[in-house]
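Number of protein chains: 2
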Amino acid sequence: MTGDVEESTVSGRSGSLGNGRVTMQQVAAEAGVSVSTVSKVMNGRYGVSSQTFDHVTAVINRLGYETSLVARSLRNARTNVIGVLVADFEPFSTEVLKGAADAIRGTGYELVAYSAGGRFDEHVGWERRYLSRVMGTLVDGAVLVTPTVTDVQYDGPVVAVDPHTGRSSLPTVAADNLQGARMGVDHLLSLGHRRVGMVTGRADLVSAQLRERGYREAHAAAGVPVDESLLADGAFDPEQAREAARTLLRLPTPPTAIFAANDISALATLEVAAEMGVEVPGSLSVVGFDNIPESALAHPPLTTVQQPMRQMGHDAIAMLVALIAGEQVDDTHVTLETTLVLRRTTATLGDAS
Amino acid sequence: MTGDVEESTVSGRSGSLGNGRVTMQQVAAEAGVSVSTVSKVMNGRYGVSSQTFDHVTAVINRLGYETSLVARSLRNARTNVIGVLVADFEPFSTEVLKGAADAIRGTGYELVAYSAGGRFDEHVGWERRYLSRVMGTLVDGAVLVTPTVTDVQYDGPVVAVDPHTGRSSLPTVAADNLQGARMGVDHLLSLGHRRVGMVTGRADLVSAQLRERGYREAHAAAGVPVDESLLADGAFDPEQAREAARTLLRLPTPPTAIFAANDISALATLEVAAEMGVEVPGSLSVVGFDNIPESALAHPPLTTVQQPMRQMGHDAIAMLVALIAGEQVDDTHVTLETTLVLRRTTATLGDAS
DNA sequence: ATCGTTGTCGATAACGTTTTCCATAATCTC
DNA sequence: GAGATTATGGAAAACGTTATCGACAACGAT
Chain P
1 MTGDVEESTV SGRSGSLGNG RVTMQQVAAE AGVSVSTVSK VMNGRYGVSS
51 QTFDHVTAVI NRLGYETSLV ARSLRNARTN VIGVLVADFE PFSTEVLKGA
101 ADAIRGTGYE LVAYSAGGRF DEHVGWERRY LSRVMGTLVD GAVLVTPTVT
151 DVQYDGPVVA VDPHTGRSSL PTVAADNLQG ARMGVDHLLS LGHRRVGMVT
201 GRADLVSAQL RERGYREAHA AAGVPVDESL LADGAFDPEQ AREAARTLLR
251 LPTPPTAIFA ANDISALATL EVAAEMGVEV PGSLSVVGFD NIPESALAHP
301 PLTTVQQPMR QMGHDAIAML VALIAGEQVD DTHVTLETTL VLRRTTATLG
351 DAS
Chain X
1 MTGDVEESTV SGRSGSLGNG RVTMQQVAAE AGVSVSTVSK VMNGRYGVSS
51 QTFDHVTAVI NRLGYETSLV ARSLRNARTN VIGVLVADFE PFSTEVLKGA
101 ADAIRGTGYE LVAYSAGGRF DEHVGWERRY LSRVMGTLVD GAVLVTPTVT
151 DVQYDGPVVA VDPHTGRSSL PTVAADNLQG ARMGVDHLLS LGHRRVGMVT
201 GRADLVSAQL RERGYREAHA AAGVPVDESL LADGAFDPEQ AREAARTLLR
251 LPTPPTAIFA ANDISALATL EVAAEMGVEV PGSLSVVGFD NIPESALAHP
301 PLTTVQQPMR QMGHDAIAML VALIAGEQVD DTHVTLETTL VLRRTTATLG
351 DAS
């Protein structure tokens, strides 16, 4: 009656099949029942006596049977997997991934990450092709974390986590670039700075445009006119940002503060300042945008506008799960607040410390 | 005869099916051929005239048909996907992932990353369960990048990228911890230091043991006796490493150099030195291990022993692909050389700069 | 004693491919 | 022009599940 009987019967039989894996048929044969019954046992369905349940369970364990997920997926037309497509494993997407991994817990979905491997720009439309390939066959839904996702269109359950756009045809989770930039520049202005320079970002990205707009709006709100010569193109690129910072600091009357569209750019600005012997924050205040991990380690530690990256990943998954479940999602364009992280690169104007 | 005819026939029909995706049946029906033929066209198999080939291709494009990967996998008993299991998306595993993503190109495999989401230690044996679940059903092979993979056993194509062990029952790609540690300590010794302290790592990990052994061997080779009071337990933990560094620097005759088993520990040591007013590298030289991205940003930038993380990911994939193909792999325990990255935390003994 | 009920279990048809094999039509050889 | 060869297309069986439904025994109720 008990399980001991199971243990003694047919021992090495399962190992006989070449390379393969134990199948449900084999379990059924071994247990002397039908595959239907084994299936029921595996899924805890109603309609099997506790006797046979125990018996089949014992056989399953003994044979080390694991259900074939592809067969199940084929049959059920769903995979219970959510895919996250990242352009590359850089700090931003990695943080988003962590948030997503956190949010996936308890949803019944598995999370897998696909990386385009950096070569993203080479293949325009990669996202599109990726989506048509894996959606509905490998994953039930997808989160896109790619730099230029704006033009992607897709009808299935897909949400874009977008550091660079507030809006797209896809459901989106993004940070409030405008508000963040305004806040960062406001901070500088309230410190007494009147000549605030800006290292701008890639002109084609909405995020960069919004951040510049925030810069202007902050000035307008404070009644400070914008000196156009104080804006230099950094293009979200370290090298170009360095160049932009140099341009700014070599001005006849250089700015006393610089707002960078990017932490990368802000870090570059810091380097240039150090090169030129400009004290930060003594003679120059700097504010960045993003709050990538490196910012805290810079010298001095960078004051910056933080995007809630983990939160973005989290919310994206939550929204996607709702979307897949067919629930009515009220707002498909979530905008998350940014926060100002005060560190040591800003000081009141004229303050030598 | 040409393709124009295709464009004009049946237009909106494909959109009629509820949620679904275009299937091969539909393409076949639409093109007026059998599914076999469509399959042949999709896979470029022999036995279809160029006429029908073009015709079917046109229909495929018009309907936007994509082959169902799960059905294909079920039929072929292979998925053409390789999985990488990481404990968490921290710097080390992220770098490995990049190397892997790079190596996967052109192999015909797709790469997906699974994260245990940090909660790794909570579930002992997670790797085991993961493997039995996904292997042979979602992936054809797997790379394990987990902290304590030593005890995992599995017969399928699996290779472990292991920062902490030179050997395990699984095929392994690892860095040469012994040689690296010896090199790091050697550097210190050759700079004239005679009292070299060590902040050791987690005693249960082979990597930590090897690094300590390297420390001792370097001393032996240089004919310098090891003062046991100069070893303090850092346990690969920031807090504990700080404590260890404090202990070392408060010694009656403190060390003039410290070798840390870890960059994390080295960074902690740097902090403690700053706290206590000990000049680096003026009064204290420091060498770390790993070369995580943060090290370059520390102040002063950390001299450290670099593990070739990208390379490890790359080699792991290469080996795994060979394993899956059933090729004879000569050495299943690859050990990669480490290199010393000289930055600014080391100086000759007594040199005030 | 007969007739529903319930409780168990198994046959079977999908799911969307790929592949092997067979049927036909077209072409070639003598 | 008859038989053999070659091209082309399709039928059907698998891959390993799950869900629906029907079969059957055992049982209580009338």
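The listed protein sequences correspond, in order, to chains P and X.
According to the working numbering, the first sequence is numbered sequentially starting from 1.
According to the working numbering, the second sequence is numbered sequentially starting from 1.
Every residue gets a Cβ at the ideal spot worked out from N, C-alpha and C, and that includes glycine.
In whole angstroms, give me the CA-to-CA distance for residue i and residue j.
| i | j | result |
| --- | --- | --- |
| R213 of chain X | P300 of chain X | 27 Å |
| V199 of chain X | T107 of chain X | 42 Å |
| V145 of chain X | V161 of chain X | 5 Å |
| Q306 of chain P | L138 of chain P | 34 Å |
| V41 of chain X | S34 of chain X | 11 Å |
| V286 of chain P | G180 of chain P | 15 Å |
| T253 of chain X | S283 of chain X | 13 Å |
| D237 of chain P | G288 of chain X | 30 Å |
| I82 of chain X | R211 of chain P | 40 Å |
| T256 of chain P | A245 of chain P | 12 Å |
| V56 of chain P | A28 of chain P | 8 Å |
| G326 of chain P | R78 of chain P | 14 Å |
| Y114 of chain X | V22 of chain P | 24 Å |
| L32 of chain X | T67 of chain X | Per the sequence presented here, residue 32 of chain X reads as Gly, with Leu not at that position. Going by the C-alpha atoms only, they are around 18 Å apart. |
| S241 of chain P | A235 of chain P | Sequence check: residue 241 of chain P is Ala here, not Ser. Each residue's alpha carbon lies about 7 Å from the other. |
| V134 of chain X | M312 of chain P | 28 Å |
| A298 of chain P | S295 of chain X | 11 Å |
| R355 of chain P | S169 of chain P | Any answer about residue 355 of chain P is impossible in this case: the structure gives chain P only from 1 up to 353. |
| I324 of chain X | L74 of chain X | 18 Å |
| H333 of chain P | D204 of chain P | 21 Å |
| A318 of chain X | D331 of chain X | 12 Å |
| G3 of chain P | M24 of chain P | The pLDDT assigned to G3 of chain P is 37, lower than 50, so where the model puts this residue is not dependable; a value taken from the coordinates is nonetheless given after this. The alpha-carbon atoms of G3 of chain P and M24 of chain P are separated by roughly 20 Å. |
| H193 of chain P | S207 of chain P | 24 Å |
| D290 of chain X | V280 of chain X | 20 Å |
| E228 of chain P | A222 of chain P | 17 Å |
| F132 of chain P | L320 of chain X | Residue identity differs from the one stated: residue 132 of chain P is Ser in this sequence, not Phe. About 28 Å. |
| N262 of chain P | G201 of chain P | 7 Å |
Shorter than 9 Å from the beta carbon of residue i to some beta carbon of chain X?
| i | result |
| --- | --- |
| Y114 of chain P | yes |
| D290 of chain P | no |
| E271 of chain P | no |
| G356 of chain P | Chain P is shown from 1 up to 353; residue 356 of chain P falls before or after that span and cannot be answered. |
| D263 of chain P | no |
| V27 of chain P | no |
| S11 of chain P | With a pLDDT of 33 at S11 of chain P, under the threshold of 50, the modelled position of that residue is not reliable, and no figure is offered here. |
| R62 of chain P | no |
For residue i, collect the residues of the same chain with a Cβ closer than 8 Å to its Cβ; drop the 5 residues on either side in sequence, then sort them by chain order.
| i | result |
| --- | --- |
| P308 of chain P | A175, L336, E337, T338 and T339 |
| S93 of chain X | V86, A87 and V145 |
| D102 of chain P | R310, G313 and H314 |
Can you tell which of the options has the C-alpha that lies nearest to the C-alpha of residue i?
| i | options | result |
| --- | --- | --- |
| L85 of chain X | X:V185, X:A100 and X:H333 | X:A100 |
| V329 of chain P | P:V173, P:T37 and P:G64 | P:V173 |
| D315 of chain X | X:E95, X:N76, X:D204 and X:L230 | X:E95 |
| R344 of chain X | X:M276, X:A266 and X:L230 | X:A266 |
| I104 of chain X | X:G141, X:T304, X:P281 and X:R72 | X:G141 |
| L342 of chain X | X:I324, X:V70, X:V321 and X:T304 | X:T304 |
| E90 of chain X | P:T346, P:P293, P:L320 and P:G350 | P:P293 |
| M276 of chain X | X:D290, X:L302, X:N262 and X:E243 | X:E243 |
| R195 of chain X | X:Q209, X:L231, X:E217 and X:R202 | X:L231 |
| A220 of chain P | P:R250, P:R182, P:R202 and P:L251 | P:R182 |
| V272 of chain X | X:W126, X:A218 and X:R250 | X:R250 |
| A218 of chain P | P:H187, P:D263 and P:N262 | P:H187 |
Hey, residue i and residue j are a contact pair by Cβ (cut 8 Å); roughly how many whole angstroms apart?
| i | j | result |
| --- | --- | --- |
| P171 of chain P | V159 of chain P | 4 Å |
| L189 of chain P | T348 of chain P | Actually they are not in contact, since the Cβ atoms of L189 of chain P and T348 of chain P sit about 11 Å apart, beyond 8 Å. |
Taking Cβ positions only, does residue i come closer than 9 Å to chain P?
| i | result |
| --- | --- |
| A318 of chain X | no |
| H314 of chain X | no |
| A322 of chain X | no |
| D260 of chain X | Per the sequence shown, residue 260 of chain X should be read as Ala rather than Asp. With 9 Å as the cut-off, A260 of chain X does not count as an interface residue toward chain P. |
| T137 of chain X | yes |
| T79 of chain X | yes |
| P293 of chain X | yes |
Closer than 8 Å: is that where the CB of residue i sits relative to any heavy atom of the ligand NAP?
| i | result |
| --- | --- |
| V38 of chain X | By its list of ligands, the structure shown contains no ligand whatsoever, and the ligand NAP lies outside what it can speak to. |
Excluding the five sequence neighbours on either side, which residues of its own chain have a C-beta within less than 6 Å of the C-beta of residue i, listed in chain order?
| i | result |
| --- | --- |
| I258 of chain P | G197, T269 and V286 |
| Q209 of chain P | none |
| Y109 of chain X | N80 and I82 |
By Cβ distance, which residues of its chain are closer than 7 Å to residue i, with the 5 residues on each side in sequence left out?
| i | result |
| --- | --- |
| G12 of chain P | Summary for G12 of chain P: the model assigns pLDDT 33, below 50, so the residue's position carries little reliability, and this model does not support an answer. |
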